[in-house]
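Visitor: Just passing along the structure, written as structure tokens.
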Amino acid sequence: MNQMGQNLYFDDFTPAADIVVIATCLVIIVLVAFSYVPKTKAFGIFLSIVGWLMLAAFSDVIYHDWYTHITDGNYAGVYVVRVLYHAFLFSTLLLFVVYIVTLQQLEIDKKVPIMFIALAIYLAVLITDIVSTVTGKGFKLNNDGSEISSLNVFLYGYLAFMALIIVIMVVFRKRLYKRVMNGFYGSMAISFIILFNQGRHGQSSFTTASFLFPTIAMLYLIHSSPYDIEIGAINVRALEDTVRYNYNRNVSLLYMSLFLPEYDVEGKTFTKELSDTIRRFSSEYFRGAVLFQVSNGHVILMAKKKNNPDYENRLNKILNAFDGEYEKYQLDYKIVFGESIEEISRKNEYVSFIKNIHRNMEMNTVHIVDFDDVEAFNKFEYILAELGDIYRRRDLRDSRVMAYCQPVLNIKTGKYDTAEALMRLKLSDVGLVYPDQFIRLAEENGYIHVLTEIILQKTCDEIKYLMSEGYDVNRISINVSVLEMRDESFTADISRIIKESGIPDDKIAIEITESQSENDFMVMKNMINELKDKGIKFYLDDFGTGYSNMERIMELPFDIIKFDRSLVIASDSDIRAKKMVGSLASMFSNLDYSVLYEGVENDIDEARCKSMSAAYLQGYKYSRPIPIIELKSFFSKIGD
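Going left to right, the sequence shown walks through residues 1414 to 2053 as the numbering used here numbers them.
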């Protein structure tokens, strides 16, 4: 063993750092194998970086070890391994560039020049390193083992790659979240500091280790999908990655969705006992299943179909076990089970698909997915897209939004002089769409106020026409969502449309339902007062359904209380119910509210409602909803 080799090994180099790199890379591989990591293109590059780093660390140890143990002055093997070591490091740097470009999703005209420059640097430094080693212009060892180096190829190559990486990250910094970019900057700064201090002290032990820090940053910032340790679930982004990955490989999946509405509210989490139950269910019944948490009260279990050929038996077992748990928890639920469907997998829309199924499910039921669900979902997507287009265009006379109405009988005059404006959509691909198919959709996506503006505009247009023709129009009411009243421009928008239409404000009434929210109540109160000052009337809609707070009702200056159809039905069930409904109506009437019964379907309903303080009657007995242009067939002309 030569003396210079011993000095190099013990005084200038220690394998400890490279051993740590190898161990860390192995730990990363183990973590990846036993955790969920989205299998994206960037993740494939990340794994390649880990592989090249391991090779670099191995070659660095071998390179120094061989140098230490050579006694005959033949250093050819040392030269070869050293060149390989540099090649592995340069390959890692090249992959760093590829990785960043992939993350930033650069357009082809931006990506190609960058990759050309990176490849040119890679080939230039690699060829220069080989040529300078062969010619003795770069790294060279004398016969006694002492080093002669006139050209530090690695340093120039490293600086060139780092300069390119920094330029890419600065120029395209807006392509990535700022905190992620800062994480990369920080890890690179630590690497620079280590290499700088290593160079100051004539060391080379930590070169490979300096590459490890940006790699760890990649794993933590980009590829980590941490499990919820309580229920063993990962997030919805991971679900989408799972669907995409398996779809690209033609792998069929099974999925089972559990929705617990009681927990699907902001800030609420599963109890420990319930978490333990969900975790147990997710691991016991389907082989290789992964649990994803979509929202606080919604989880989806996914497993490969090929791993569960007997999935029908497994489904029956899990449902039987679930029935036992339901007896214990007594929580409302909706369960959806199905196999992956090409169209939904291609669009990667299982969350939206399942939520759409939920809309039409009864509580505490299990639904097995079929192709009718796909057809319904496609219709849902089409309606949603049309709503989005209506919202963006903001054409207050959009022909796709149709104004219908239902005439209301005025008991005092015996005539129809008021009506409720109703909304329909008429879409080219699906025809007439009823409110139960789009109102909630519009509310959930922030489109509802534009629809209200359109129906108000069309109602104002019809009122103006009827008045110009001499018809007696008391008022027409429109329905307004509590959600849109949160918009500060709500009252201004309503007032503007009425004013620009050229009709009196008191020809319009607004129907709203009561809200349980204290904030909504205060907003509603302020806006009602502001619009009532202009002469607009207000109806409390759907009285008798769900939540009713008499104190709040009394605080709001409503003009008309609409008794829901359910109260009309209840009043016919027995004398006690009739007295209760009649007493409520009488109380409101005595407090100067007008009472309107909706859902009157026959003469018996009519007579009963008239005996219970009715001021107005509405229902199929008088008319089904009709296009608003047909309203003149019900209204009378002034003087008739």
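Beta carbons are placed, not taken as given, at the ideal position from N, Cα and C, and that holds for glycine. Source: prediction; values computed, not measured.
Start and end of the beta strand (DSSP E) containing Pro1451?
Guide: Position 38 of the sequence shown, counted from the start, is the residue given in the question as residue 1451. Premise fails: Pro1451 is in no beta strand (DSSP E) and is neither H nor E.
Visitor: Whether or not the stretch 2018-2031 and the stretch 1800-1812 are in contact is what I'm after, with contact meaning three or more pairs of Cβ atoms, one per stretch, closer than 8 Å; do they touch?
Guide: no
Visitor: Please list the terminal residues of the continuous alpha helix (DSSP H) segment that includes Val1510.
Guide: By 1-based counting over the sequence shown, the position of residue 1510 is 97. From DSSP, the alpha helix (DSSP H) with Val1510 extends over Ala1489 to Gln1517.
Visitor: How is Glu1875 classed by DSSP in three states: helix, strand or coil?
Guide: Reading the sequence shown from its first residue, position 462 is the one you call residue 1875. Residue state, collapsed to three classes: helix.
Visitor: Which residue spans inside the stretch 1637-1680 form an unbroken beta strand (DSSP E) run of at least 3?
Guide: 1646-1648 and 1666-1672
Visitor: Cβ atoms of Leu1864 and Met1898: under 8 Å apart, would you say?
Guide: As a working mapping, residue 1898 is identified with position 485 in the sequence shown. As a working mapping, residue 1864 is identified with position 451 in the sequence shown. Contact flag unset, no.
Visitor: DSSP three-state label for Thr1778, please.
Guide: On the sequence shown, residue 1778 is found 365 positions in, with the first residue counted as 1. It is a strand residue.
Visitor: Which residue's Cα is closest to the Cα of Ser1930: Asn1709, Val1895 and Asp1900?
Guide: Counted from its first residue, the sequence shown places residue 1930 at position 517. Ranking Asn1709, Val1895 and Asp1900 by Cα distance to Ser1930 puts Val1895 first.
Visitor: State the DSSP-derived secondary structure class of Thr1427, mapped to helix, strand or coil.
Guide: On the sequence shown, residue 1427 is found 14 positions in, with the first residue counted as 1. Three-state result, Thr1427: coil.
Visitor: Along the chain, where does the alpha helix (DSSP H) containing Phe1683 start, and where does it finish?
Guide: By one-based count along the sequence shown, residue 1683 stands at place 270. Counting along the chain, Phe1683 falls outside any alpha helix (DSSP H), and DSSP gives it neither H nor E.
Visitor: Between the Cα of Leu1572 and the Cα atoms of Phe1605, His1711 and Tyr1847, which residue gives the shortest distance?
Guide: Locating residue 1572 in the sequence shown gives position 159, where the first residue counts as 1. For the residues Phe1605, His1711 and Tyr1847, the minimum Cα distance to Leu1572 belongs to Phe1605.
Visitor: Rounded to the nearest angstrom, what separates Arg2037 and Lys1681 at their Cα positions?
Guide: Working through the sequence shown from its first residue, we reach residue 2037 at position 624. Working through the sequence shown from its first residue, we reach residue 1681 at position 268. Going from the Cα of Arg2037 to the Cα of Lys1681 covers about 43 Å.
Visitor: Report the rounded CA-to-CA distance for Ala1675 versus Leu1744, giving the unit in angstroms.
Guide: Reading the sequence shown from its first residue, position 262 is the one you call residue 1675. Reading the sequence shown from its first residue, position 331 is the one you call residue 1744. Just to set this straight, residue 1675 is Glu in the shown sequence, not Ala. The alpha-carbon atoms of Glu1675 and Leu1744 are separated by roughly 7 Å.
Visitor: What do you reckon, are the CB atoms on Leu1625 and Thr1427 nearer than 8 Å?
Guide: Position 212 of the sequence shown, counted from the start, is the residue given in the question as residue 1625. Position 14 of the sequence shown, counted from the start, is the residue given in the question as residue 1427. No, they are not a contact pair.
Visitor: Given Phe1934, which residues of its chain have a CB within under 7 Å of its CB, disregarding the five upstream and five downstream residues?
Guide: Translated into the one-based positions of the sequence shown, residue 1934 becomes position 521. Ser1928 and Arg1965.
Visitor: With C-beta atoms as the reference, is Asp1783 less than 8 Å away from Pro1451?
Guide: Sequence index remark: in the sequence shown, residue 1783 carries index 370 (1-based). Sequence index remark: in the sequence shown, residue 1451 carries index 38 (1-based). Cβ distance not < 8 Å, so Asp1783 and Pro1451 don't count as in contact.
Visitor: Anyone know if the C-beta pair for Ala1998 and Ala1990 falls short of 8 Å?
Guide: In the sequence shown, the residue the question calls residue 1998 occupies position 585. In the sequence shown, the residue the question calls residue 1990 occupies position 577. No, the Cβ-Cβ distance between Ala1998 and Ala1990 is not below 8 Å.
Visitor: Would you check if the stretch 1880-1896 and the stretch 1823-1840 touch, i.e. whether three or more CB-CB distances between them fall below 8 Å?
Guide: yes
Visitor: From Ala1651 to Gly1457, what distance separates their C-alpha atoms?
Guide: As a first step, residue 1651 is located in the sequence shown; it is residue number 238 there, counting from the start. As a first step, residue 1457 is located in the sequence shown; it is residue number 44 there, counting from the start. If you take the alpha carbons of Ala1651 and Gly1457, they lie about 16 Å apart.
Visitor: Judging by CA-CA distance, which residue of Glu1697, Val1712 and Ile1530 is the nearest neighbour of Leu1704?
Guide: The sequence position of residue 1704 within the sequence shown is 291, counting from 1. It is Val1712.
Visitor: Grab me the residues of Thr1541's own chain with a C-beta within less than 7 Å of its C-beta, minus the 5 sequence neighbours each way, in chain order.
Guide: As a working mapping, residue 1541 is identified with position 128 in the sequence shown. Only Val1566 meet the Cβ criterion.
Visitor: Which residue's Cα is closest to the Cα of Gly1599: Pro1627, Ala1622 and Gly1615?
Guide: Looking up residue 1599 in the sequence shown gives position 186. Comparing Cα positions, the closest option is Pro1627.
Visitor: What residue range is occupied by the uninterrupted beta strand (DSSP E) comprising Ser2002?
Guide: On the sequence shown, position 589 is the one that residue 2002 refers to. In the DSSP annotation of this structure, Ser2002 is not part of any beta strand (DSSP E); the continuous alpha helix (DSSP H) holding it starts and ends at Ile1988 to Asn2003.
Visitor: Which parts of the stretch 1838-1901 are runs of the alpha helix (DSSP H), unbroken and 4 residues or longer, counting only runs that do not cross its ends?
Guide: 1852-1857 and 1861-1881, all fully within the stretch 1838-1901.
Visitor: Count the other C-beta atoms from every protein chain shown that fall within 10 angstroms of the C-beta of Pro1970, then say buried if there are 16 or more, exposed otherwise.
Guide: Within the sequence shown, numbered from 1, the residue matching residue 1970 stands at position 557. By the beta-carbon neighbour count (other beta carbons within 10 angstroms, threshold 16), Pro1970 is exposed.
Visitor: Can you tell which of Arg1700, Phe1672 and Ile1923 has the C-alpha that lies nearest to the C-alpha of Asn1769?
Guide: Numbered from its first residue, the sequence shown carries residue 1769 at position 356. Looking at the Cα atoms, Phe1672 is the closest of the given residues.
Visitor: Flag this pair as yes or no: are the beta carbons of Phe1609 and Leu1519 separated by less than 8 Å?
Guide: Position 196 of the sequence shown, counted from the first residue, corresponds to residue 1609. Position 106 of the sequence shown, counted from the first residue, corresponds to residue 1519. Going by C-beta atoms, Phe1609 is not nearer than 8 Å to Leu1519.
Visitor: Using the Cβ count rule (16 or more neighbours within 10 Å means buried), how would you classify Ile2041?
Guide: Your numbering for residue 2041 matches position 628 in the sequence shown. It counts as buried.
Visitor: Between the Cα of Leu1577 and those of Lys1591, Ser1618, Val1510 and His1614, spot the shortest distance and give me the residue it belongs to.
Guide: Locating residue 1577 in the sequence shown gives position 164, where the first residue counts as 1. Looking at the Cα atoms, Val1510 is the closest of the given residues.
Visitor: Could you pull out every residue in the same chain whose Cβ sits closer than 7 Å to the Cβ of Ser1979, ignoring the five residues on either side in sequence?
Guide: For the purposes of this step, residue 1979 is taken as the residue at position 566 of the sequence shown. By the criterion of a C-beta distance shorter than 7 Å, Ser1979 is surrounded in its chain by Gly1957 and Thr1958, once the five residues flanking it on both sides are discounted.
Visitor: In this structure, does DSSP put Leu2009 in helix, strand or coil?
Guide: Translated into positions along the sequence shown, residue 2009 becomes position 596. In this structure, Leu2009 counts as strand in the three-state DSSP scheme.
Visitor: Which partner residues of Ser1708 appear in the DSSP bridge assignment?
Guide: The residue you call residue 1708 lines up with position 295 of the sequence shown. His1711, per the DSSP bridge assignment.
Visitor: Could you name the residues that DSSP lists as bridge partners for Leu1728?
Guide: On the sequence shown, position 315 is the one that residue 1728 refers to. Leu1728 pairs with nothing; no bridge assigned.
Visitor: Are the CB atoms of Ile1635 and Leu1516 within a distance shorter than 8 Å?
Guide: Mapped onto the sequence shown, residue 1516 falls at position 103. Mapped onto the sequence shown, residue 1635 falls at position 222. Between Leu1516 and Ile1635, the CB-CB gap stays under 8 Å.
Visitor: Say whether the stretch 1741-1758 touches the stretch 1693-1701, bearing in mind that this needs 3 or more beta-carbon pairs closer than 8 Å, one atom from each stretch.
Guide: no
Visitor: Which partner residues does Val1821 have in the DSSP bridge list?
Guide: Reading the sequence shown from its first residue, position 408 is the one you call residue 1821. Partner(s): Thr1831.
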